[in-house]
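Just so you know, we're using this note's numbering here: the sequence shown kicks off at 14 and counts up by one.
Using N, Cα and C, we set each Cβ at its ideal position, and we do this for glycine too.
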Amino acid sequence: MYGTAAAAAGNGAEQASRSADTGARITAVSELDARTLDLTVQSRAMASSVPVRVILPKSWMSEPSRTFPVLYMLHGGADDYTSWTRETDVEALAENSDVLVVMPDGGKYGYYSDWYVGTPRWETFHTMELVRLMERNFRANSSRAVIGLSMGGFGALNYAARHRGMYRYAASMSSYVDLDEPSVRFLLGLGAAKDGIDINRVWGDPKEHDDIWQAHNPAARPRAFRGTTVHLSAGNGTPGPLDEGHPLPVILVGSAAEAALPASLRKFADSLHSVGVDVSTNLYEPGTHSWPYWQRELHRIWPTVTEELS
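Right, dumping it as structure tokens:
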């Protein structure tokens, strides 16, 4: 049955490549199971191929003239598009859902931005090329939500603020939200250097190009979230039962990464609330920067996500 779905996606890709002004096209479709597909997208913005994982709505084949709402799920740093299905049971959550779930690659340290130096152009790929391909090939409609964790949580907020009205709902798990915070700038620079990346290549020199940094700073743009329901979550950095069995170094890193987030998220939530944004928070104790907590949070917000999209 879903072999037909893969074929339909491939045929749709050929049609879209002739008509889409973005120039992006799907060059390969492979089935992982009955409803989960891996796509290879040739991106003009990225000047390369980018993998994308898709979970089809339950009625995608049985209702061929119907369009579907879309949930974009963004992965964290040092990870890839396979992480959500590898680390969570999102496929089980989506089993009875008529939501198209799209999990694109965002680079191990892509920061969900079009880089100052010109490439990569992740934002253009995700918010223009991929959106168009999902609409033309997979019958996606304009009802969209975006969620992410860690770097992907920043990406969800960054995209929601920079593309006002594109997403009905945006959820950020365990992510920094204020690029002006000294601790955030320090950790961004430290993490980037550790992985061989010059953070100035992403948004330019923070002093010389402060305007670019602020244009990508969710905390600096609270009014840009009007019309989008926002959810913010993080732990307090204290290890708990969900950390049992993890190596001590992993727990310590997860604790340090999470500890500074609640205060920043409270401040950001207050800022959003003050300008009329519908914002909710879940600042839990205990909780570290790790998958068991994000899996639990995904279950917690899933009913809201589907309700917002319906």
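If you keep only unbroken beta strand (DSSP E) runs of at least 3 residues inside the region 111-183, you get 113-117, 153-162.
Straight-line spacing of the CA atoms in M74 and T40 works out to 21 Å. Excluding residues up to 5 positions away in sequence, F81, S110, D111, V112, L113 lie with their Cβ nearer than 7 Å to the Cβ of P70 in the same chain.
Looking only at T53, G119, L192, T294, the smallest Cα-Cα distance to A247 is reached by T294.
DSSP, reduced to helix, strand and coil, places N213 within a helical segment of the structure shown. Taking C-beta separations shorter than 7 Å and ignoring five residues to either side along the sequence, the partners of T95 in its chain run R66, following chain order.
Nearest Cα to A228 within the set D127, T53, K121, V83: D127.
If you look at D51, you'll find it in the beta strand (DSSP E) that goes 49-56. For L192, no beta strand (DSSP E) encloses it, and the DSSP letter there is neither H nor E. Within the region 253-308, the complete alpha helix (DSSP H) segments at least 4 residues long are 261-272, 274-287, listed from N- to C-terminus. Inter-residue distance for W315 and L106 is about 8 Å (C-alpha atoms, whole angstroms). Distance check between N154 and each of L84, G250, D34, A270 places L84 closest, using alpha-carbon atoms only.
Using a Cβ distance threshold of 8 Å, E321 and A158 count as a contacting pair. Residue pairing of E44 in beta bridges, as defined by DSSP: L50. A37 and N150 have their C-alpha atoms spaced approximately 12 Å apart. Around the beta carbon of G131, fewer than 16 other beta carbons sit within 10 angstroms, so the residue counts as exposed.
The shortest C-alpha to C-alpha distance from Y129 to any of S187, D218, G89, M186 is the one to D218.
For R239, there is no enclosing alpha helix (DSSP H), since its DSSP letter is neither H nor E.
By the Cβ neighbour-count rule, D224 is exposed, with fewer than 16 other Cβ atoms within 10 Å of its own.
CA-CA distance, S284 to I264, rounds to 31 Å.
Runs of the beta strand (DSSP E) lying entirely within the region 76-111 and spanning at least 3 residues, in chain order: 81-87.
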